[in-house]
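> My structure is below; once you've seen it, I'll send some questions.
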Ligand code: D5M
Ligand code: FE
Ligand code: ZN
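Residue numbers (our numbering): 8 to 478.
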């Protein structure tokens, strides 16, 4: 198998530079002949080889999509679809996760049952094999290699990532417990170990091409309003509301932490201007009431909202929704909605706390990079049993089954936007200024920003409503 340096050199020999996606594609296909195929088909004067130059990777849309009436459609996570959390369902939950994610991995790279390797390793020693499993353990060996226990429906095996293979080793450092990965490599003589050569994740296909609305339409995205907190920025919110009234925005999406809630953290009472939960939602509802009625408004909950914290979180109950106008649709967290055919995955983002603590180099400042890590794993909450409570149920709703055009999250209170293989990842900041907790955690928020997306072009714009400091 060619390594990255060899592939880069082969292109350089042709006087060409190659985009990193092209290099990883060739590595993944394990077919050095592809380099010649690609170089022979390049338009004259090409300097940089991009993914579009890969002959088999013509842009392709993920299935058919029809515009429907009404233009706002709830695809997944409509109110009332999150079932109860029942620990007896935990094994079915993981089986469903494994089935969904392993089939994505296997579609990209062939895979054999782990049991075949552990029972008859001699048959496979000389050849490269692929296996796909759920990560049930991960540790660093005394020699400084990484060992991951991988489990499929037939058995389990210890997979070794050698620290000598620098690129692969670095990639293996980001392997998370309970994620589903494929690994290419070969077994040890006794079938006790599997020596890894390459990691295959479910990922977004690199030829994914996002759907764009045929009709004009603009959507605005926000999150983390935190009504009731003494740091809620009322003046900034009013500037935003005024701007919305004058704009041609058709949709407003709000991804959780609508209110600050009560009893969310120790001592919160001292930081609340509204200490009653019904009143917090009533005030938020009156703010929403002042927004244009022509807009469709989609609202999902977050970890500060008054609803079960285990994800998928149910939609807000009628006790609070009754205060809101009729143009509001309440969905679960996560939810997939379609705006004129453009699909938006809304997820508040509690699992950022877990992923940032586990992935080397991940940070709150660059949360959209963490969203990319979720897309690669096709999962919103890869690791079970840390800070993000996950509801055990027969199906794993946290799997990113359908590929959205827009992936909208919040929670970190820092605005960000990035594109990953045709998926626009946006994090929509907050409407509260820095809290004492965030000060302690060294989190500097970017308050009073919204992100607007043109549904015809998928171009985004960051809108800033922060008032200049007075005095
Ligand atoms: O989250 C507000 C901010 O605080 C956001 O940047 C995430 C961060 N946060 C929240 N909970 C934790 C924990 N447990 N550890 C570290 N950082 C955290 P909000 O959900 O609005 O309170
Ligand atoms: Fe928040
Ligand atoms: Zn939050």
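The C-beta atom is built at its ideal place from N, Cα and C for all residues, glycine as well. From a predicted model like this one, the values you see are computed outputs, not experimental measurements.
(1) Kindly give me the distance between the Cβ atoms of residue 439 and residue 238, rounded to whole angstroms, as I take these residues to be in contact under 8 Å.
(2) Return yes when the C-beta of residue 355 is under 7 Å from any heavy atom of ligand 3, and no when it is not.
(3) Exposed or buried, what is residue 384 when buried is set at 16 or more other beta-carbons lying within 10 Å of its beta-carbon?
(4) In chain order, which continuous runs of the alpha helix (DSSP H) of length 4 or greater are located wholly inside the stretch 253-303?
(5) So what does DSSP say about residue 323, is it helix, strand or coil?
(6) Any residues whose CB sits closer than 5 Å to a heavy atom of ligand 2? List them in chain order?
(7) May I have the straight-line CA-CA distance separating residue 72 from residue 469, to the nearest angstrom?
(8) In angstroms with no decimal places, state the Cα-to-Cα distance between residue 218 and residue 431.
(9) By how many angstroms is the C-alpha of residue 210 removed from the C-alpha of residue 164?
(10) Consider the C-beta atom of residue 316 and the heavy atoms of ligand 1; say whether any pair is separated by less than 7 Å.
(11) Where are the beta strand (DSSP E) runs, 3 residues long or more, that stay fully inside the stretch 374-414, in chain order?
(12) Using only alpha-carbon positions, find the residue among 50, 119, 351 and 132 that is nearest to residue 412.
(13) By DSSP, does residue 490 sit in helix, in strand, or in coil?
(14) Counting C-beta neighbours from all protein chains within 10 Å, is the total for residue 444 16 or more, i.e. buried, or is it exposed?
(15) Is residue 415 near ligand 3, in the sense that its beta carbon is under 7 Å from a heavy atom of that ligand?
(16) For residue 76 and residue 88, what's the separation of their Cα atoms in angstroms?
(17) In chain order, which beta strand (DSSP E) runs of at least 3 residues are fully inside the stretch 78-123?
(18) Would you grab the beta carbon distance between residue 17 and residue 213 for me? Rounded to a whole angstrom, and I think it's under 8 Å.
(19) At what residues does the beta strand (DSSP E) containing residue 425 begin and finish?
(20) I'd like to confirm the pairing. Which residues does DSSP put opposite residue 158 in its beta bridges?
(21) For the candidate residues 353, 52, 332 and 247, whose alpha-carbon lies nearest to that of residue 415?
(22) Does the distance from the C-beta atom of residue 138 to that of residue 154 stay below 8 Å?
(23) What number of angstroms, rounded off, separates the C-alpha of residue 74 from the C-alpha of residue 347?
(24) Residues in the same chain with beta-carbon distance under 6 Å from residue 299, minus the five sequence neighbours each way, listed in chain order, please.
(25) Which of the three DSSP states, helix, strand or coil, is assigned to residue 75?
(26) For residue 475, which of helix, strand or coil comes out of DSSP?
(27) So, at 7 Å on beta carbons, what are the nonlocal neighbours of residue 483 in its own chain, with the 5 sequence-adjacent residues on each side left out?
(28) Given a cut-off of 8 Å on the beta-carbon distance, is the pair residue 250 and residue 467 in contact?
(29) Is the beta carbon of residue 307 less than 8 Å from the beta carbon of residue 355?
(30) Is there contact between the stretch 280-297 and the stretch 321-333, where contact requires at least three CB pairs shorter than 8 Å?
(31) Check whether the stretch 360-379 touches the stretch 166-173, counting contact only when three or more Cβ pairs, one atom from each stretch, lie closer than 8 Å.
(32) I believe residue 2 touches residue 141 by the beta-carbon criterion, under 8 Å. Please report the beta-carbon distance rounded to the nearest angstrom.
(33) What three-state label does DSSP hand residue 32 in the structure shown?
(34) Which residue from 21, 185, 450 and 313 puts its Cα closest to that of residue 100?
(35) Would a C-beta distance cut-off of 8 Å place residue 340 and residue 263 closer than the cut-off?
(36) What does the Cβ neighbour count give for residue 549, buried or exposed, with the cut at 16 atoms within 10 Å?
This is what the structure gives:
(1) In the chain shown, the residue the question calls residue 439 occupies position 432. In the chain shown, the residue the question calls residue 238 occupies position 231. Confirmed, Cβ separation roughly 4 Å.
(2) Locating residue 355 in the chain shown gives position 348, counting from the first residue. At least one heavy atom of ligand 3 falls within 7 Å of the beta-carbon of residue 355.
(3) Counted from its first residue, the chain shown places residue 384 at position 377. Flag for residue 384 reads buried.
(4) Taken in chain order, the complete alpha helix (DSSP H) segments of 4 or more residues contained in the stretch 253-303 are 284-296.
(5) To locate residue 323, count along the chain shown from 1; it is residue 316. Coil.
(6) Taken from the N-terminal end onward, the list reads 231 and 264.
(7) The sequence position of residue 72 within the chain shown is 65, counting from 1. The sequence position of residue 469 within the chain shown is 462, counting from 1. Per-residue confidence for residue 72 stands at a pLDDT of 41, beneath the threshold of 50, marking its modelled position as unreliable; the derived number appears in the next sentence. Distance from the CA of residue 72 to the CA of residue 469, rounded to the nearest whole angstrom, comes to 28 Å.
(8) Residue numbering aside, residue 218 sits at position 211 when the chain shown is read from its first letter. Residue numbering aside, residue 431 sits at position 424 when the chain shown is read from its first letter. Looking at the two C-alpha atoms, the distance is approximately 11 Å.
(9) Here residue 164 corresponds to residue number 157 of the chain shown, with the count starting at 1. Here residue 210 corresponds to residue number 203 of the chain shown, with the count starting at 1. Going by C-alpha positions, residue 164 is about 23 Å away from residue 210.
(10) Working through the chain shown from its first residue, we reach residue 316 at position 309. No, Cβ of residue 316 sits at least 7 Å from all heavy atoms of ligand 1.
(11) As far as the stretch 374-414 is concerned, it has no whole beta strand (DSSP E) run of at least 3 residues.
(12) To locate residue 412, count along the chain shown from 1; it is residue 405. When 50, 119, 351 and 132 are compared, the shortest CA-CA separation from residue 412 is found for 351.
(13) Absent from the structure is residue 490, since the part of the chain shown begins at 8 and ends at 478.
(14) For this step, residue 444 is matched to residue 437 along the chain shown. Result: exposed.
(15) For this step, residue 415 is matched to residue 408 along the chain shown. Not so, every heavy atom of ligand 3 lies at least 7 Å from the Cβ.
(16) Within the chain shown, the letter at position 69 stands for residue 76. Within the chain shown, the letter at position 81 stands for residue 88. For residue 76, the predicted structure reports a pLDDT of 34, less than 50, and the residue's modelled location is therefore unreliable. A value from the coordinates is still provided. One C-alpha to the other measures close to 22 Å.
(17) At a cut-off of 3 residues, the continuous stretches assigned as beta strand (DSSP E) that sit fully inside the stretch 78-123 are 79-85.
(18) Sequence index remark: in the chain shown, residue 17 carries index 10 (1-based). Sequence index remark: in the chain shown, residue 213 carries index 206 (1-based). Beta-carbon to beta-carbon, residue 17 and residue 213 are separated by about 20 Å, too far to satisfy the 8 Å threshold.
(19) The residue labelled residue 425 in the question sits at position 418 within the chain shown. 423-427 is the extent of the beta strand (DSSP E) around residue 425.
(20) As a working mapping, residue 158 is identified with position 151 in the chain shown. Looking at the DSSP assignment, residue 158 forms a beta bridge with 141 and 163.
(21) For the purposes of this step, residue 415 is taken as the residue at position 408 of the chain shown. Ranked by Cα distance from residue 415, the first of 353, 52, 332 and 247 is 353.
(22) Here residue 138 refers to the residue found at position 131 when the chain shown is read from its first residue. Here residue 154 refers to the residue found at position 147 when the chain shown is read from its first residue. No, the pair does not count as a contact, with Cβ atoms beyond the cut-off.
(23) The count along the chain shown starts at 1 and reaches residue 74 at position 67. The count along the chain shown starts at 1 and reaches residue 347 at position 340. Note that residue 74 scores 31 on pLDDT, short of 50, meaning its location in the model is unreliable; the coordinates nonetheless yield the value given after this. Residue 74 and residue 347: Cα-Cα distance of roughly 6 Å.
(24) What you label residue 299 is simply residue 292 of the chain shown in a count that begins at 1. 252.
(25) Sequence index remark: in the chain shown, residue 75 carries index 68 (1-based). Because residue 75 carries a pLDDT of 34, less than 50, the predicted location of this residue cannot be relied on, and no value is offered for it.
(26) Against the chain shown, residue 475 aligns to sequence position 468. Reduced to three states, the DSSP call for residue 475 is coil.
(27) The structure shown does not extend to residue 483, since the chain is modelled only from 8 through 478, so no value can be given for it.
(28) Against the chain shown, residue 250 aligns to sequence position 243. Against the chain shown, residue 467 aligns to sequence position 460. Contact: no.
(29) By 1-based counting over the chain shown, the position of residue 307 is 300. By 1-based counting over the chain shown, the position of residue 355 is 348. Residue 307 is a Cβ neighbour of residue 355, given a cutoff of 8 Å.
(30) Yes, the stretch 280-297 is in contact with the stretch 321-333.
(31) The stretch 360-379 and the stretch 166-173 do not touch, with fewer than 3 CB-CB distances between them shorter than 8 Å.
(32) As displayed, the chain neither begins before 8 nor continues past 478, which places residue 2 out of reach and without an answer.
(33) Numbered from its first residue, the chain shown carries residue 32 at position 25. For residue 32, the three-state secondary structure derived from DSSP is helix.
(34) On the chain shown, residue 100 is found 93 positions in, with the first residue counted as 1. In terms of CA proximity to residue 100, 185 leads the group 21, 185, 450 and 313.
(35) As a first step, residue 340 must be located in the chain shown, where it is residue number 333. As a first step, residue 263 must be located in the chain shown, where it is residue number 256. Going by C-beta atoms, residue 340 is nearer than 8 Å to residue 263.
(36) A query on residue 549 cannot be resolved here, the shown segment of the chain reaching from 8 to 478 and no further.
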